[in-house]
Amino acid sequence: MPQLIAGNWKMHKLRAEAIALARDLRAGAGAGANLLVCPPFTALAAVADILAGSRIAVGGQDCHPATQGAHTGDISAPMLRDAGASHVILGHSERRQNHGETSEFVREKVVAAIAAGLTPIVCVGETADQRQGGAETETVGWQLSGSLPEGFAGIVAYEPVWAIGSGKTPTEDEVAAMHGFIRAELARQFGDAGRAVPILYGGSVKPANAKALLGLPEIGGALIGGASLIAADFLAIAGAALGG
Ligand code: 13P
Numbered sequence: 003m004p005q006l007i008a009g010n011w012k013m014h015k016l017r018a019e020a021i022a023l024a025r026d027l028r029a030g031a032g033a034g035a036n037l038l039v040c041p042p043f044t045a046l047a048a049v050a051d052i053l054a055g056s057r058i059a060v061g062g063q064d065c066h067p068a069t070q071g072a073h074t075g076d077i078s079a080p081m082l083r084d085a086g087a088s089h090v091i092l093g094h095s096e097r098r099q100n101h102g103e104t105s106e107f108v109r110e111k112v113v114a115a116i117a118a119g120l121t122p123i124v125c126v127g128e129t130a131d132q133r134q135g136g137a138e139t140e141t142v143g144w145q146l147s148g149s150l151p152e153g154f155a156g157i158v159a160y161e162p163v164w165a166i167g168s169g170k171t172p173t174e175d176e177v178a179a180m181h182g183f184i185r186a187e188l189a190r191q192f193g194d195a196g197r198a199v200p201i202l203y204g205g206s207v208k209p210a211n212a213k214a215l216l217g218l219p220e221i222g223g224a225l226i227g228g229a230s231l232i233a234a235d236f237l238a239i240a241g242a243a244l245g246g
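FYI, in this note's numbering the residues of the sequence shown are 3 to 246.
So this is what it looks like as structure tokens:
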């Protein structure tokens, strides 16, 4: 399977900026990796219109477990579908930290996303303190067993919290070890289906380190923040991915 190069635009880009970036990506995307961009909600439909019929899929950055209701400020999975999304990022560390999302709550969102026909990208990863304390695999193991529902068929992203936006990345050995651990956990939880789940790496992926990171074992692609905001950088990372 080709690797997936996914851009998480986070809380960046006004609509005109998002449209311009989507146009540049559409014009520059070559064959090879699968591509996905996750704009902010306000730009999602406009970006989906620009990218319709292209090689680049569109995703949301979060959704609520309910399909509709009295949930001020939230967005449902069917609304994301309606706006043109095929994927949704769930359980990102910025939501776990800034919005107090527990793994149990993330699991409810994953169920809702799958029910709406979206592919969930479920994020897991340890803090600096947890790694310093030697608790990184235990942390990620709990997040996986808590966040993934029975019969999970989606994508997992390993994003060490301390590597996000910091310019720091784990060593290649550390990434390979964690991805191997996640693969074993997925196989233990879900059997053969767990062996097919792509595992993305995220956290300070840049054009300069993309080839090395994407070449490691059990890497299904990358989830990119800062470098996904610049078309040339995102396309350079895509160019370093394995086309399958
Ligand atoms: P950076 O690539 O900016 O470190 O962000 C990673 C991330 O959080 C993607 O979801």
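For glycine and all other residues, C-beta sits at the position ideal for the given N, C-alpha and C.
Treat the numbers as computed from the prediction; the structure is a model and nothing was measured.
Check	Outcome
Should Ala229 be counted as a contact of the ligand 13P given a C-beta to heavy atom distance under 8 Å?	yes
Can you give me the start and stop residues for the beta strand (DSSP E) that Leu120 sits inside?	Unbroken run through Leu120: none, as it is neither H nor E.
Please classify Gly204: does DSSP put it in a helix, a strand, or coil?	strand
Can you find a heavy atom of the ligand 13P that lies under 8 Å from the Cβ of Ala47?	no
Quick one: Cα of Ile77 to Cα of Gly62, how far?	9 Å
Taking the continuous beta strand (DSSP E) assigned at Ile226, which residues delimit it?	Gly223 to Ile226
Where do the N-terminal and C-terminal ends of the alpha helix (DSSP H) with Ala31 fall, by residue?	Looking at the DSSP string, Ala31 is not in any alpha helix (DSSP H), and its letter there is neither H nor E.
Counting only the same chain and skipping the five closest in sequence on each side, list residues whose C-beta sits under 6 Å from that of Leu231.	His14
Thr141: buried (16+ other C-beta within 10 angstroms of its C-beta) or exposed?	buried
For the region 224 to 244 against the region 186 to 197, do three or more pairs of beta-carbon atoms, one drawn from each stretch, fall closer than 8 Å, so that the two count as touching?	no
With 16 as the cutoff for other CB atoms within 10 Å, does Thr69 come out buried or exposed?	exposed
State the beta-bridge partners of Cys125 as determined by DSSP.	Ala159
Between the region 171 to 188 and the region 215 to 225, are three or more C-beta pairs nearer than 8 Å?	yes
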